[in-house]
Amino acid sequence: LNYKLTPKWEMGAQYLHNRSNYYYTDAPYTPVFDYDTNEIIRSLQSVGTADLSPEIHSINYNNEVVIDTLGRKITLNLDYFSFNNPDIKTYAGTSIIQNPFYEQFYKGTNTNNQDISNASAKLDIEYPLDWVNLSFGGKITNSKFLNDIQFFNSGLVDSPVESLPISQNNFEYQEDIQAVYFSANKKLNDKWTTQFGLRVEATQTDSKSNNSSVSTQNNYTKLFPTIYLSYDATENSNFSFNYSKRIQRPSFFELNPNIYFANPFQAIEGNPFLQPAFIDNFELTNTYKNFVTKLYYSYEDNLFSQVPLADASTNIIRFANENFINTH
50 LNYKLTPKWE MGAQYLHNRS NYYYTDAPYT PVFDYDTNEI IRSLQSVGTA DLSPEIHSIN
110 YNNEVVIDTL GRKITLNLDY FSFNNPDIKT YAGTSIIQNP FYEQFYKGTN TNNQDISNAS
170 AKLDIEYPLD WVNLSFGGKI TNSKFLNDIQ FFNSGLVDSP VESLPISQNN FEYQEDIQAV
230 YFSANKKLND KWTTQFGLRV EATQTDSKSN NSSVSTQNNY TKLFPTIYLS YDATENSNFS
290 FNYSKRIQRP SFFELNPNIY FANPFQAIEG NPFLQPAFID NFELTNTYKN FVTKLYYSYE
350 DNLFSQVPLA DASTNIIRFA NENFINTH
C-alpha cells in the first residue's frame with residue numbers, strides 16, 4: 050500500500066507472509082567394501098523421515114521526501130522480519146556384518162525449533178551539489194536467534210531400540226549492528242570519473258548455550274572503504290579501477306553449538322566462537338568495444354568452513370565449523 054500525502058512526500062507499507070509444509074522420506078543404503086576382494090563386508094540400511102513447516106513474516110514501512118527539483122531526497126525504511134521453523138527428523142536402521150553374521154540396530158530423532166527475528170531502521174539521503182554528487186545515511190539492526198533442540202542417538206545396539214531417552218539443548222544469539230556511510234562521485238572532465246565511499250560499522254554479539262554453559266561476546270568496529278576510478282581513453286576504450294572491503298559474517302546455523310545427528314555416525318554442530326571474515330578486492334578492467342579484459346586480486350582473511358573431526362573410538366564424525374582459511 051502506497052499513499053502520496055503531498056507532491057513531495059510519499060509513504061508506503063508492505064506485508065509478506067509465507068508458510069510451507071514439507072514431508073519426505075528416504076532409505077539410504079551404505080555398503081562397506083573390502084579393498085582387496087571388493088566384497089561387501091558390512092552394510093547399513095536406514096529409513097528416515099523429515100517433517101518441516103517454516104513460516105516467514107516480513108513488514109516494511111517506508112517514506113520518501115523530495116527536498117527539491119535537483120534530485121535531493123530523504124528515504125526512511127523500517128523493517129521487521131521473523132522466521133520460525135519447527136522440524137522433526139528421524140532415522141532407524143540395521144547394521145549387518147556378513148562374516149561372521151552379526152546384526153545390530155540403531156535409531157535416532159531430532160526435534161528442532163528455530164525462531165529468528167530481525168528489526169532494522171535505515172535512513173538515506175541523496176544530496177547532489179553543483180560540484181559533486183553526495184549520498185549518506187545510517188542503519189541500525191537488531192537480530193535475535195533462538196534454537197531449542199531435542200535429540201537422541203542410540204548408536205549401535207544389539208536389539209531393536211524401543212525407548213528414546215531425549216537430550217535437550219538451548220542456544221540464544223543476539224547481534225546488534227550500527228552503521229553510518231557516505232559516498233561521493235564526481236565527473237572530473239570528459240575522460241575521468243571518480244567515486245569514493247566509506248562505511249563505519251560497529252557490531253556487538255552475545256551468544257550463550259544454556260546446557261553447556263558456553264557464553265561468548267564480540268564487540269568490534271570496522272571501516273569499509275570503496276574506491277572507483279574510470280578513464281575514457283577513446284570513444285571505444287575505457288579503463289576502470291575499483292577497490293572494496295567487505296565483511297562475511299557466519300550464519301546462525303554455523304554458530305549454533307546444538308548437536309544434530311544425521312545418522313549414528315555423523316553429528317553436525319556449529320561453533321559459537323566463530324569470527325567474521327574480511328575480504329579485500331582490487332580490480333582493473335579495460336573495455337574495448339565488446340571485449341573486456343580484467344585483472345583482479347582478492348584477499349580473504351580468516352574465512353570459516355566446515356571441518357570433519359573423526360573419533361576413532363566411537364566411529365563418529367563431527368562436522369564442526371572453524372576459522373582456518375586465508376585465500377589469495
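Numbering (our numbering), first residue to last: 50 to 377. Ideal placement from N, C-alpha and C gives every residue a C-beta, glycine not left out. If you're wondering where the values come from, they're calculated on a predicted model, not measured in any experiment.
Bounding residues of the beta strand (DSSP E) (the contiguous stretch that carries residue i)
i      : result
PHE130 : 122–146
ILE215 : That residue, ILE215, is in no beta strand (DSSP E); it is neither H nor E in DSSP.
GLU332 : 326–337
VAL114 : 104–115
VAL341 : 340–360
LYS53  : 51–55
ALA76  : Segment: none, ALA76 is in no beta strand (DSSP E) and carries neither H nor E.
C-alpha distance - residue i paired with residue j, whole-angstrom precision
i      : j      : result
THR79  : ALA311 : 14 Å
LEU344 : GLN244 : 20 Å
VAL114 : THR55  : 9 Å
LYS257 : LEU304 : 10 Å
ASN70  : LEU101 : 6 Å
ASN357 : ALA62  : What sits at residue 357 in the sequence shown is Pro, not Asn. Computed Cα separation, rounded: 46 Å.
PHE373 : ASN238 : 46 Å
LYS294 : ILE276 : 10 Å
TYR151 : LEU93  : 12 Å
VAL181 : ASN162 : 51 Å
LEU172 : LEU125 : 5 Å
GLN355 : ILE89  : 30 Å
LEU247 : LEU272 : 7 Å
Element boundaries [alpha helix (DSSP H), containing residue i]
i      : result
LEU304 : 301–304
As assigned by DSSP and simplified to three states, the class of residue i
i      : result
GLU88  : coil
ARG298 : coil
PHE150 : coil
GLU284 : coil
LYS235 : strand
ASN320 : coil
LYS240 : coil
ILE366 : strand
7 Å Cβ cutoff, residue i in contact with chain B
i      : result
GLY157 : Protein chains in the displayed structure number just one, and chain B is not present.
> So does the segment 305–323 actually touch the segment 280–288, counting three or more Cβ pairs closer than 8 Å?
Replying inline: No: fewer than three Cβ pairs fall under 8 Å.
> Within the chosen definition, does the segment 194–210 reach the segment 218–228 through at least 3 CB pairs nearer than 8 Å?
Replying inline: Output reads yes: the segment 218–228 touches the segment 194–210.
> Is the segment 261–268 in contact with the segment 226–238, if contact means three or more CB pairs nearer than 8 Å?
Replying inline: As far as the Cβ criterion goes, the segment 261–268 does not touch the segment 226–238, which means the pair count is below three.
>> Threshold first: 4 residues or longer. Then list the alpha helix (DSSP H) segments lying entirely within the segment 159–219, N to C.
In response: The qualifying runs do not exist here; there are none.
> Counting pairs of Cβ atoms below 8 Å between the segment 333–347 and the segment 361–369, do you hit three or more?
Replying inline: Put simply, the segment 333–347 does not touch the segment 361–369. Fewer than three CB pairs are less than 8 Å apart.
> Touch check for the segment 201–215 and the segment 167–178: three-plus C-beta pairs under 8 Å?
Replying inline: Output reads no: the segment 167–178 does not touch the segment 201–215.
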